[in-house]
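Participant: With our numbering, the residue at position 48 of the sequence shown is 324, and numbering never jumps. Once you've had a glance at the structure underneath, I'll fire off some questions.
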Amino acid sequence: MGRAKLVDVEVMVSWASSMTWKGLYPILSLNKTVYQKGISLTKKAMKQVESRLQRNPLLPKWDILIQPLSW
């Protein structure tokens with residue numbers, strides 16, 4: 277894998293958009309929203325997010341597949 281000096285947002289987005297997995301490129305968007313500290317999801321909302329996560333049993337803390345929302 278190549279190396280990149282992640283010095284600014286443009287470089288990071290460019291680097292991330294060039295990655296592939298099984299021949300597929302990611303779809304990226306930059307969210308510049310500033311969120312308040314201390315805001316959290318309700319338990320119901322968090323369960324909806326967690327239902328889309330698939331953890332790799334060998335690396336459960338680091339390797340997570342996030343399923344897209346159903347259209």
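Just so it is clear, CB atoms sit at the ideal spot from N, CA and C, and this is done for glycine as well. Fair warning: this is a prediction, and the values are worked out from it, not measured in the lab.
Assuming Q324 is part of the alpha helix (DSSP H), what are its boundary residues?
Facilitator: Taking the first residue of the sequence shown as position 1, residue 324 is located at position 48. Here the alpha helix (DSSP H) through Q324 covers K319 to E326.
Participant: Can you list, in chain order, the residues of its chain with a C-beta nearer than 8 Å to that of S293? Leave out the 5 residues immediately preceding and following it.
Facilitator: The residue you call residue 293 lines up with position 17 of the sequence shown. Contacts found: Y301, P302 and L304.
Participant: In the DSSP assignment, the alpha helix (DSSP H) including W338 goes from what residue to what residue?
Facilitator: Residue 338 sits at position 62 when you count from the first residue of the sequence shown. Here W338 belongs to no alpha helix (DSSP H), and DSSP marks it neither H nor E.
Participant: By Cβ distance, which residues of its chain are closer than 8 Å to K281, with the 5 residues on each side in sequence left out?
Facilitator: Against the sequence shown, residue 281 aligns to sequence position 5. Here the set comprises V287.
Participant: Which residues mark the beginning and the end of the beta strand (DSSP E) in which R331 is found?
Facilitator: Looking up residue 331 in the sequence shown gives position 55. Element bounds for R331: L329 to R331.
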